[in-house]
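Input: a single structure, listed below in structure tokens.
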Amino acid sequence: MMKGLKIAHWLGVFMLATGIMLYSFTALTQEVSGILLISCLIGLGLVLMSPFPMVLFIQWARAQENSNSSQ
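Everything in the sequence shown is counted per our numbering, starting at 17 for the first residue and increasing by one.
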């Protein structure tokens with residue numbers, strides 16, 4: 017489960033970066049289909065990135081639990 021969320025995070029980073037690059041360096045924003053493509057890439061990229069801090073917190077909490085139980 018955690019590995020899947022990490023993969024989703026990096027996929028989201030890639031989608032966000034691609035959307036920003038397309039927005040900055042192409043003329044796709046002059047067409048409705050280009051605007052739709054760029055907004056979907058950026059929006060979905062941000063949504064896929066959002067669970068990653070929770071993954072880090074869960075891993076930290078598990079590590080704390082393991083270190084407390086060994087004492």
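No residue lacks a Cβ here, since even glycine has one placed at the ideal position from N, Cα and C.
Model, not experiment: these values are computed from the prediction.
State the DSSP-derived secondary structure class of E81, mapped to helix, strand or coil.
helix
Pair every Cβ in the stretch 56 to 71 with every Cβ in the stretch 27 to 40, then say whether three or more of these pairs are closer than 8 Å.
yes
Applying the 10 Å Cβ sphere with the 16-neighbour rule, what's the burial state of G20?
exposed
Using three-state DSSP, classify T66 as helix, strand or coil.
Going by the sequence as given, residue 66 is Ser instead of Thr. If DSSP states are grouped into helix, strand and coil, S66 belongs with coil.
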